[in-house]
Amino acid sequence: MADIPVGTPLAAPLPRQRTLLVGTVFGTAATLMYFAGLLGVYLRERSDALSGGGEWIPSGANIQLAPPTVAAWTMLMSVVTMQWAVYSIARDDRAHAIMATALTTLFGLSVVVTTSFQYTEMGLVADESIAAVLIYTISASHLVMIAVGLVFLLLMAFRALAGQYSSRQTDGFVAASIYWYAVVFVYVVIWTAIFVLK
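Using the numbering used here, read the sequence shown as starting at 5 and increasing by one per residue.
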């Protein structure tokens with residue numbers, strides 16, 4: 005065994021693996037449970053209103069299918085770019101990882117803009133029906149989820165630019181991708197439950 009002279013600095017240990025990943029999985033699971041509860045309340049209230057012979061969406065509302073469908077396809081395209089970012093960082097291709105993260109962020113921002121446009125066109129007044137309250141609560145909660153995902157993506161991009169992520173350390177990008185896939189999944193469920201079924 006070789007002796008190390010006194011005063012020789014030791015190599016810095018690698019950061020603990022998987023802590024960010026495990027935390028993200030637990031946070032994502034909690035977020036999915038939150039949306040499952042909200043959508044459960046929405047579907048139960050909708051079922052009660054329709055089975056009683058009433059109307060669910062107020063007659064003056066204009067809930068179109070086109071804007072949420074565009075947003076759903078945009079979210080689905082972001083899955084490809086998010087996986088591209090993970091693939092690139094795992095192969096030490098930092099430039100493509102940053103480009104893919106930027107595209108994913110752009111897709112997320114476009115969904116925020118589409119949802120904002122949809123709010124202006126819907127004509128739902130929150131204090132007129134429980135349907136309006138639930139639709140706004142669910143869609144606004146999803147906007148918050150997107151905002152958290154965008155901040156997460158930007159943090160991972162900046163850390164990759166600083167050289168903290170490479171093929172030896174991909175946990176940040178993998179964690180961001182898990183959260184982003186949950187964002188996409190939740191939007192597809194919202195699109196189906198609220199905008200397709202109405």
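Cβ coordinates follow ideal geometry from the N, Cα and C atoms, glycine included.
(1) Locate the alpha helix (DSSP H) running through A89, then write down its first and last residues.
(2) Under a CB-based cut-off of 9 Å, is A179 close to chain D?
(3) In its own chain, which residues sit with a C-beta less than 8 Å from the C-beta of I93, not counting the 5 before and 5 after it?
(4) Per DSSP, I145 forms a beta bridge with which residues?
(5) Compare the beta carbon distance of M79 and Y191 with 9 Å and say whether it is the shorter of the two.
(6) Look up Q21 in the DSSP assignment and give the residues it is bridged to.
(7) Leaving aside the five residues before and after A53 along the sequence, list all residues of the same chain whose C-beta is less than 6 Å from its C-beta, in chain order.
(8) For the 8 Å Cβ check, are there 3 or more pairs between the segment 110–119 and the segment 138–157?
(9) Based on DSSP bridge pairs, tell me the residues matched to Q173.
(10) For L158, which residues from the same chain have a beta carbon less than 7 Å from its beta carbon, with the 5 sequence-adjacent residues on both sides left out?
Let me lay it out:
(1) Numbered from its first residue, the sequence shown carries residue 89 at position 85. Its alpha helix (DSSP H) spans residues A70 to A94.
(2) In the displayed structure, chain D is absent; only one protein chain is listed.
(3) One-based indexing of the sequence shown puts residue 93 at position 89. These residues qualify, in order along the chain: A101, A164, Y169, S170, S171, T174 and F177.
(4) Taking the first residue of the sequence shown as position 1, residue 145 is located at position 141. Per the sequence presented here, residue 145 reads as Ser, with Ile not at that position. DSSP, once it has assigned bridges, lists no residue as partnering S145.
(5) Taking the sequence shown and counting its residues from 1, one reaches residue 79 at position 75. Taking the sequence shown and counting its residues from 1, one reaches residue 191 at position 187. Yes.
(6) The sequence position of residue 21 within the sequence shown is 17, counting from 1. Note: Q21 sits in no beta bridge, so no partner.
(7) Residue numbering aside, residue 53 sits at position 49 when the sequence shown is read from its first letter. W60.
(8) yes
(9) Taking the first residue of the sequence shown as position 1, residue 173 is located at position 169. DSSP lists S170 as partners of Q173.
(10) Taking the first residue of the sequence shown as 1, we reach residue 158 at position 154. Taken in chain order, the residues that qualify are T109.
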